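To start, the structure itself, in structure tokens.
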Amino acid sequence: MRKLFLLAICFSIALPAFALEVGDQAPAFSLAASDGKTYSLEDYRGKQAVVVAWYPKAFTKGCTIECKSLAENGHLIREYDAAYFMASTDEVEDNKKFADEQKADFPLLSDPTGEVAEAYDVKMPVLNMAKRVTFYIGKDGKILKIDRDIKPASSAQDMAATLGELGVARKE
Numbered sequence: 002m003r004k005l006f007l008l009a010i011c012f013s014i015a016l017p018a019f020a021l022e023v024g025d026q027a028p029a030f031s032l033a034a035s036d037g038k039t040y041s042l043e044d045y046r047g048k049q050a051v052v053v054a055w056y057p058k059a060f061t062k063g064c065t066i067e068c069k070s071l072a073e074n075g076h077l078i079r080e081y082d083a084a085y086f087m088a089s090t091d092e093v094e095d096n097k098k099f100a101d102e103q104k105a106d107f108p109l110l111s112d113p114t115g116e117v118a119e120a121y122d123v124k125m126p127v128l129n130m131a132k133r134v135t136f137y138i139g140k141d142g143k144i145l146k147i148d149r150d151i152k153p154a155s156s157a158q159d160m161a162a163t164l165g166e167l168g169v170a171r172k173e
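The sequence shown begins at 2 in the working numbering and counts up one residue at a time.
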């Protein structure tokens, strides 16, 4: 009986208390961005879908490839009525330098405390870094899709295709 109790304790520690799922209300956020503005999820409610692409660390190989894909092919995403962001636990200054270096024409959100990353269940244990996960959020603030299978080189094309599959309206 004692072994069973210890096993249950281990599982409860290892598993997150809650995991976000499609249909859940997306956690609210208000984060500073690389363009000097602050963006809040609430600002888009009833107006636009939102895509938040979490990434681990500015200036690393995979993150650079993903940012470059979004910078060079963002026109594909902008065909849809959606705001899109990359987000990390990097400091705003680091994300600004990273955005400038990659010629990103979209905001990179900074969550240096990791609180929002934790709310989205993407914060890596022990490290204050996010996992590479993309959230698609509807106009109603509910999660439409959680993509954990990110291919950095084709991120923009994949995001645009997913927005289409989810039925997000095209801009006119």
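The C-beta atom is built at its ideal place from N, Cα and C for all residues, glycine as well. These figures come from a predicted structure and were not determined experimentally.
- Here the segment 61-81 makes no contact with the segment 37-45; the two share fewer than three CB pairs at distances below 8 Å.
- Collapsing the DSSP output to three states places lysine 69 in a helix.
- Each residue's CA atom was taken as its position, placing alanine 84 and phenylalanine 136 some 12 Å apart.
- For lysine 97, the enclosing alpha helix (DSSP H) has its first and last residue at 93-103.
- Here the alpha carbon of methionine 87 sits roughly 14 Å from the alpha carbon of serine 155.
- In this structure, Tyr45 is the residue among Asp36, Tyr45, Val23 with its C-alpha nearest to the C-alpha of alanine 29.
- Out of Asp141, Asp150, Glu80, the CA that lies nearest to the CA of lysine 132 is found in Asp150.
- Cβ-Cβ separation between alanine 34 and leucine 145: approximately 22 Å, too far for a contact (criterion under 8 Å).
- When DSSP states are grouped into helix, strand and coil, valine 117 belongs to the helix group.
- From the listed residues Ala170, Asp159, Met125, Tyr121, the smallest Cα separation to alanine 20 is found for Tyr121.
- DSSP links threonine 39 through a beta bridge to Ala33.
- About 6 Å separates the beta carbon of lysine 140 from that of glutamine 49, a gap short enough to meet the 8 Å contact definition.
- Assigned with DSSP and collapsed to three states, threonine 163 falls in helix.
- In this structure lysine 172 touches glutamate 80 by the C-beta definition: roughly 6 Å separates them, less than 8 Å.
- Counting the other Cβ atoms within 10 Å of the Cβ of lysine 62 gives fewer than 16, which makes it exposed.
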